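Participant: Chains as they are written, first to last, in the working numbering: chain A, 1 to 194; chain B, 1 to 244.
Below is the structure:
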């Protein structure tokens, strides 16, 4: 499964007919893409649908993939997260935004509270639930910018390009997002050893 | 001042530390993974897409087969096409270099092929009558009797009707060239005799044959460019042409 080839090389090989090249590429991005969608939507069921749809689009668009020119080897990462981002935008546009979105998410997370989990996993599960709740409490644009930075590791310029706004705007959104998360998760971040 | 800077620096360090803790907290969410069922579905879909590609791709020998089929078809068409009809005998022309220039300047009007055979027949009769007319005219001039008679005989001997019948059996462009050459011949013959040429010009205008009239007019203009009648006949020819 460990393949020394870059993401771009793997994607180009897959597009050229090498089916085996897809597996290492999928292994590298299955978790970042899924977490990005889960944190962005707040609902695992919706994230599952979007996740499958995103990979279907990646597969169907394989012939149009081009190697990254500016960021050598990072073309696939930017491309894949752009597809995911666009799919998320479509999803949000199709949904009617309601004021109770955040409350519903918090209630859902409370239902998923890992009270029945083993004691060793209890703390981590609690932190995950808090983080999830804090992310869902963020405004959509700030959450999107934060997730693209955290999951995709995209630069400010790349995030700005995907969001269609200026670099300084993304910088500001990220600053606000981090501050709000820090305030919401203060006990967790204080307890957590760096 | 120093205290403020120190406080700002401490605040910045605290913020960085908090950000690092937040990042670490976020990185701890390893448990969030796509369901294994989704993994299987997506991997299967990736393989299926490549298999569909290979099915949709044309077979390598299809190109060669298509080329061979096209070649066979082309050869068959070439073999089946009948040989073209024998060329129409080109009438001997007495055109000089000047006539060639006029022919190049005034190409014959393009007419649709199906209408050419009957039109050529009419033209042949007209040419025959002109030849007879030229013969009659020549009788009035003792100096040009021999030339006019030979001209008329030459034109008659070509048997315009026969040639037109031959032309009707032959294909397209040759039919167009015959009347033009005949008009040139008549003009050449008549141009040798100035009096006869003026008479023929009048007859051509009277018969409404603008083509012959114009050719004769050009000959006469070359011979006597100062003649005042030229402009008058020129105007009449224009009227005929505009009437057509």
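Note that beta-carbon positions come from the ideal geometry of N, C-alpha and C, so glycine has one too. Note that the coordinates shown come from a computational prediction; the quantities given were computed from them, not determined experimentally.
Is it true that the CB of residue 151 of chain A sits closer than 7 Å to the CB of residue 26 of chain A?
Facilitator: The answer is no: Cβ separation not under 7 Å.
Participant: Within 10 angstroms of its Cβ, does residue 87 of chain A collect 16 or more other Cβ (buried), or is it exposed?
Facilitator: By the neighbour-count rule (16 or more Cβ atoms within 10 Å), residue 87 of chain A is buried.
Participant: Would you say residue 19 of chain B reaches chain A, if we count a Cβ-Cβ gap shorter than 7 Å as a contact?
Facilitator: So yes, residue 19 of chain B belongs to the interface.
Participant: Helix, strand or coil for residue 185 of chain A per DSSP?
Facilitator: In this structure, residue 185 of chain A counts as coil in the three-state DSSP scheme.
Participant: Exposed or buried, residue 58 of chain A, counting other C-beta atoms within 10 Å across all chains shown (16 or more means buried)?
Facilitator: It counts as buried.
Participant: Please state whether the Cβ-Cβ distance between residue 174 of chain A and residue 145 of chain A is less than 7 Å.
Facilitator: In contact: residue 174 of chain A and residue 145 of chain A (Cβ atoms closer than 7 Å).
Participant: For the segment 38 to 67 of chain B, which residues have a beta carbon sitting closer than 8 Å to at least one beta carbon of chain A?
Facilitator: Within the segment 38 to 67 of chain B, the qualifying residues are 38, 39, 41, 42, 43, 45, 46, 47, 49, 50, 53 and 54.
Participant: Should residue 200 of chain A be flagged as near chain B, meaning a C-beta pair shorter than 7 Å?
Facilitator: The question about residue 200 of chain A has no answer, for chain A in this structure spans 1 to 194.
Participant: Return the first residue and the last residue of the alpha helix (DSSP H) that residue 46 of chain A is part of.
Facilitator: 44 to 60 is the span of the alpha helix (DSSP H), which, as asked, contains residue 46 of chain A.
Participant: Assuming residue 154 of chain A and residue 81 of chain A form a contact by the criterion Cβ under 8 Å, report the distance between their Cβ atoms to the nearest whole angstrom.
Facilitator: About 7 Å separates the two Cβ atoms, so the contact holds.
Participant: Under a Cβ-count criterion, where at least 16 other Cβ atoms within 10 Å of its own Cβ denotes burial, should residue 10 of chain A be classed as buried or exposed?
Facilitator: Counting Cβ neighbours within 10 Å, residue 10 of chain A comes out buried, since at least 16 surround it.
Participant: If the cut is a Cβ gap below 8 Å, which residues of chain B does residue 22 of chain A touch?
Facilitator: The contacting residues are 43, 46 and 47.
Participant: Is any beta-carbon of chain B found at less than 7 Å from that of residue 52 of chain A?
Facilitator: Yes, residue 52 of chain A counts as interfacial toward chain B.
Participant: Within the continuous alpha helix (DSSP H) that includes residue 196 of chain B, where are the two ends?
Facilitator: Residues 194 to 207.
Participant: Out of curiosity, what's the CA-to-CA distance linking residue 178 of chain A and residue 24 of chain A?
Facilitator: Approximately 32 Å between the Cα atoms of the pair.
Participant: Select from B:239, B:52 and B:224 the residue whose C-alpha is nearest the C-alpha of residue 195 of chain B.
Facilitator: The option with the nearest alpha carbon to residue 195 of chain B is B:224.
Participant: Rounded to whole angstroms, how far is the Cβ of residue 131 of chain A from the Cβ of residue 143 of chain A, which I believe are closer than 8 Å?
Facilitator: Rounded, the Cβ-Cβ distance is 12 Å, inconsistent with contact.
Participant: Determine the burial state of residue 215 of chain B: buried for a count of at least 16 other Cβ atoms within 10 Å of its Cβ, exposed for fewer.
Facilitator: So residue 215 of chain B counts as buried.
Participant: Spatial neighbours of residue 32 of chain A within its chain, please: C-beta separation below 6 Å, excluding the five flanking residues on both sides.
Facilitator: If we look at residue 32 of chain A and ignore the five residues flanking it on each side, its Cβ neighbours are 151.
Participant: Cβ closer than 8 Å: which chain B residues qualify as neighbours of residue 56 of chain A?
Facilitator: Within chain B, the residues near residue 56 of chain A are 42 and 45.
Participant: Between B:62, B:70 and B:38, which lies nearest to residue 55 of chain A when the distance is taken from Cα to Cα?
Facilitator: Closest option to residue 55 of chain A, Cα to Cα, is B:38.
Participant: Out of A:171, A:48 and A:64, point me to the one whose CA is closest to residue 149 of chain A's CA.
Facilitator: The residue with the shortest Cα to Cα distance from residue 149 of chain A is A:171.
Participant: If the cut-off is 8 Å on Cβ atoms, which residues from the segment 1 to 13 of chain A count as contacting chain B, listed in chain order?
Facilitator: The residues in question: there are none.
Participant: Cβ atoms of residue 240 of chain B and residue 208 of chain B: under 7 Å apart, would you say?
Facilitator: Result yes, Cβ atoms of residue 208 of chain B and residue 240 of chain B sit closer than 7 Å.
Participant: For residue 33 of chain B and chain A, any beta-carbon pair shorter than 7 Å?
Facilitator: Output row for residue 33 of chain B: interface = yes.
Participant: Given this structure, state the Cα-to-Cα distance separating residue 161 of chain A from residue 18 of chain A, to the nearest angstrom.
Facilitator: So the alpha carbons of these two residues sit roughly 31 Å apart.
Participant: Should residue 66 of chain A be labelled buried (16 or more other beta-carbon atoms within 10 Å of its own) or exposed?
Facilitator: Flag for residue 66 of chain A reads exposed.
Participant: Tell me the rounded alpha-carbon separation between residue 238 of chain B and residue 74 of chain B.
Facilitator: Approximately 50 Å, taken between the alpha carbons.
Participant: By the 10 Å Cβ neighbour count, where 16 or more other Cβ atoms means buried, how is residue 77 of chain B classified, buried or exposed?
Facilitator: Classification of residue 77 of chain B: exposed, given that the 10 Å Cβ count is below 16.
Participant: Let me know the secondary structure DSSP gives residue 8 of chain A once reduced to three states.
Facilitator: If DSSP states are grouped into helix, strand and coil, residue 8 of chain A belongs with the helices.
Participant: Check whether the Cβ of residue 112 of chain A lies closer than 7 Å to any Cβ atom in chain B.
Facilitator: The pLDDT assigned to residue 112 of chain A is 49, lower than 50, so where the model puts this residue is not dependable; a value taken from the coordinates is nonetheless given after this. Chain B, which has no Cβ nearer than 7 Å to the Cβ of residue 112 of chain A, makes this no.
Participant: Which residue marks the beginning of the alpha helix (DSSP H) containing residue 242 of chain B, and which one marks its end?
Facilitator: Run containing residue 242 of chain B: 229 to 243, per the alpha helix (DSSP H) assignment.
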